[in-house]
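K.L.:
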Amino acid sequence: MAATEPESDLDDRYLVQPVLKAMQVLQLICEAAEPLTLNQLVREAGLPKTTVFRYLKTLSTIGFIEHDPEADRYRPGLGLWHLSHASGAYETLRQVCRPHMKRLRQRFNETINLGVLSGGEVFYLDVLESERSLRMQSSIGATDALHSTSLGKVFLAFSPPERRELLIPKTLPRRTANTITDRVALVEQLAIIRTTGYAIEIGENEEGSYCIATPICDSRNAAVAAMSLSAPISRYDEGARQAICAGLIAATNEVGRILRGEVGDAGADAKAVA
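Residue numbers for the sequence shown follow our numbering, so the first one is -11 and each next one is one higher.
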């Protein structure tokens, strides 16, 4: 009887090496804390420059990555979201969160957002807009910076320290006059967010607006997603802040329990937030 080759050797025969290498390049882009240049990808992938460039052009064509011509850098594209949105974890997350988002919108009549972390940015997985004529508008599939948004600050605050260090850019771009551009000041604010359980930004990402966010955490207390309420600054006051924080914390804690397979009393988290 002829000897049978090890299963791993047999499996290797069926690997399509160009596809495998292209997926490795895609993985590098998706896992990076910020968009990457062609030279960075060549160095990280250990592949010839012309080969990496061909992979990038192909992945760009189907929308899996996007190329910023001004910065000449590559980042994850919306095609990945459309692919994951069809089925899988993101769709499950969206379906679990939807009833809670609807209740929050019904209660406060403000725009409710569901965000995930993607390529060092906030990615808007779902949005329920306020029914008021004057409202904040976000788009499903849009992205925003981490340091200037409440959703982003939640991801930074509820990330392991080593991951947080990679996610915070060396320079923090100014979006408005209120944007925090000092790294030390941002880190200090993140410590407060970890204590209070919510993040708030007032006119830091967009003038005339405010946004409050709370994390959806895994068993290690790391944010896997986050939910926020955004509204015009004219409707902000201390009473609104406390009620919104309590409502968001109750909703995201309950979603976290569902995703972790736990059973708990959702009302236990709906206490007033000082």
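Beta carbons: idealized from backbone N, C-alpha and C, even for Gly.
Quick one: measure Cβ to Cβ for Thr240 and Cys199, integer angstroms, because I've assumed they're closer than 8 Å.
P.N.:
Within the sequence shown, numbered from 1, the residue matching residue 240 stands at position 252. Within the sequence shown, numbered from 1, the residue matching residue 199 stands at position 211. The distance from the Cβ of Thr240 to that of Cys199 is about 14 Å, inconsistent with a contact at the 8 Å cut-off.
K.L.:
When burial is assigned at 16 or more other CB atoms within 10 Å of the CB, is Thr25 buried or exposed?
P.N.:
Here residue 25 refers to the residue found at position 37 of the sequence shown. Classification of Thr25: exposed, given that the 10 Å Cβ count is below 16.
K.L.:
Measure the beta-carbon distance from Asn101 to Ser218 and round it to whole angstroms, keeping in mind my assumption that it falls under 8 Å.
P.N.:
Taking the first residue of the sequence shown as position 1, residue 101 is located at position 113. Taking the first residue of the sequence shown as position 1, residue 218 is located at position 230. Their Cβ separation, rounded to whole angstroms, is 6 Å, which keeps Asn101 and Ser218 in contact under 8 Å.
K.L.:
Sorry if obvious, but does the Cβ on Cys205 come closer than 6 Å to a heavy atom of the ligand MN?
P.N.:
As for the ligand MN, it is missing from this structure, which has no ligand bound.
K.L.:
Just to confirm, are Ala211 and Val110 a CB contact at a threshold of 7 Å?
P.N.:
The count along the sequence shown starts at 1 and reaches residue 211 at position 223. The count along the sequence shown starts at 1 and reaches residue 110 at position 122. No, Cβ-Cβ distance for Ala211 and Val110 is not below 7 Å.
K.L.:
Do you know how far the Cα of Gln15 is from the Cα of Lys265?
P.N.:
Since the first residue of the chain shown is -11 and the last is 262, residue 265 is not available in this structure.
K.L.:
Under a three-way DSSP split, which group does Pro87 fall into?
P.N.:
Position 99 of the sequence shown holds residue 87. Three-state result, Pro87: helix.
K.L.:
Can you tell me whether Val4 is helix, strand or coil according to DSSP?
P.N.:
For the purposes of this step, residue 4 is taken as residue 16 along the sequence shown, with counting starting at 1. Looking at Val4 - three-state DSSP - the assignment turns out to be coil, as it is neither helix nor strand.
K.L.:
Please work out which residues of its chain come closer than 6 Å, Cβ to Cβ, to Ser48, disregarding the five sequence neighbours upstream and downstream, and give them in chain order.
P.N.:
In the sequence shown, counting from the first residue as 1, residue 48 sits at position 60. Excluding sequence neighbours, Ser48 sits near His55.
K.L.:
Suppose contacts are defined by Cβ-Cβ distances below 7 Å. Is Ser216 in contact with Leu160 by that definition?
P.N.:
The count along the sequence shown starts at 1 and reaches residue 216 at position 228. The count along the sequence shown starts at 1 and reaches residue 160 at position 172. Cβ distance not < 7 Å, so Ser216 and Leu160 don't count as in contact.
K.L.:
Ordered along the chain, which non-local residues of its own chain (more than five positions away) have a Cβ less than 8 Å from that of Leu3?
P.N.:
Your numbering for residue 3 matches position 15 in the sequence shown. Correct list: empty, nothing qualifies.
K.L.:
Entirely within the stretch 118 to 166 and at least 4 residues each: give me those alpha helix (DSSP H) ranges in chain order.
P.N.:
138 to 145 and 149 to 155
K.L.:
In chain order, what residues of the same chain lie with their CB nearer than 7 Å to the CB of Gln12, ignoring the 5 residues before and after it?
P.N.:
Position 24 of the sequence shown, counted from the start, is the residue given in the question as residue 12. So the qualifying residues of the chain are Ala33.
K.L.:
Using 8 Å for Cβ pairs, my map puts Ala179 next to Gly108. What's the rounded Cβ distance?
P.N.:
The residue labelled residue 179 in the question sits at position 191 within the sequence shown. The residue labelled residue 108 in the question sits at position 120 within the sequence shown. Not quite, the Cβ-Cβ distance comes to about 21 Å (not below 8 Å), so this is no contact.
K.L.:
Mind checking Arg163: buried by the 16 CB within 10 Å criterion, or exposed?
P.N.:
One-based indexing of the sequence shown puts residue 163 at position 175. Buried: at least 16 other Cβ atoms inside 10 Å.
K.L.:
For Phe52, name the three-state secondary structure that DSSP assigns.
P.N.:
Numbered from 1 along the sequence shown, position 64 holds the residue referred to as residue 52. Coil at Phe52, not helix or strand.
K.L.:
Let me make sure I understand the geometry here. Which of Gly244, Asp170, Gly249 and Leu122 has the alpha-carbon closest to that of Ser222?
P.N.:
Along the sequence shown, read from residue 1 onward, the residue named residue 222 stands at position 234. Ser222 has its Cα closest to that of Leu122, out of Gly244, Asp170, Gly249 and Leu122.
K.L.:
So, at 6 Å on beta carbons, what are the nonlocal neighbours of Ala130 in its own chain, with the 5 sequence-adjacent residues on each side left out?
P.N.:
Indexing the sequence shown from 1 puts residue 130 at position 142. Contacts found: Tyr112.
K.L.:
Answer with buried or exposed for Pro203, where buried requires no fewer than 16 other C-beta atoms within 10 angstroms of its C-beta.
P.N.:
Numbered from 1 along the sequence shown, position 215 holds the residue referred to as residue 203. It is buried - the Cβ of Pro203 has at least 16 other Cβ atoms within 10 Å.
K.L.:
Along the beta strand (DSSP E) that carries Ile200, what are the first and last residues, could you check?
P.N.:
Here residue 200 refers to the residue found at position 212 when the sequence shown is read from its first residue. Run containing Ile200: Ser197 to Cys205, per the beta strand (DSSP E) assignment.
K.L.:
Taking 7 Å as the limit between beta carbons, can you name the residues of its chain near Glu250, skipping five residues before and five after?
P.N.:
Taking the sequence shown and counting its residues from 1, the one referred to as residue 250 is at position 262. For Glu250, where only same-chain residues beyond five positions count, there are no Cβ hits under 7 Å.
K.L.:
Could you say which of Glu194, Ala187 and Leu247 lies nearest to Cys233 if we only look at CA atoms?
P.N.:
Reading the sequence shown from its first residue, position 245 is the one you call residue 233. The shortest Cα separation from Cys233 among Glu194, Ala187 and Leu247 belongs to Ala187.
K.L.:
Which of the three DSSP states is assigned to Ile100 in this structure?
P.N.:
Taking the sequence shown and counting its residues from 1, one reaches residue 100 at position 112. Three-state DSSP puts Ile100 in a strand.
K.L.:
With 16 other CB atoms within 10 Å as the buried threshold, where does Ser197 fall?
P.N.:
To locate residue 197, count along the sequence shown from 1; it is residue 209. The residue in question, Ser197, is buried, as its Cβ has 16 or more Cβ neighbours within 10 Å.
K.L.:
According to DSSP, is Glu250 part of a helix, a strand, or is it coil?
P.N.:
Translated into positions along the sequence shown, residue 250 becomes position 262. The answer is coil: DSSP assigns Glu250 none of H, G, I, E or B.
K.L.:
Secondary structure at Ile168, three-state DSSP: helix, strand or coil?
P.N.:
In the sequence shown, counting from the first residue as 1, residue 168 sits at position 180. Ile168: coil per DSSP, three-state reduction.
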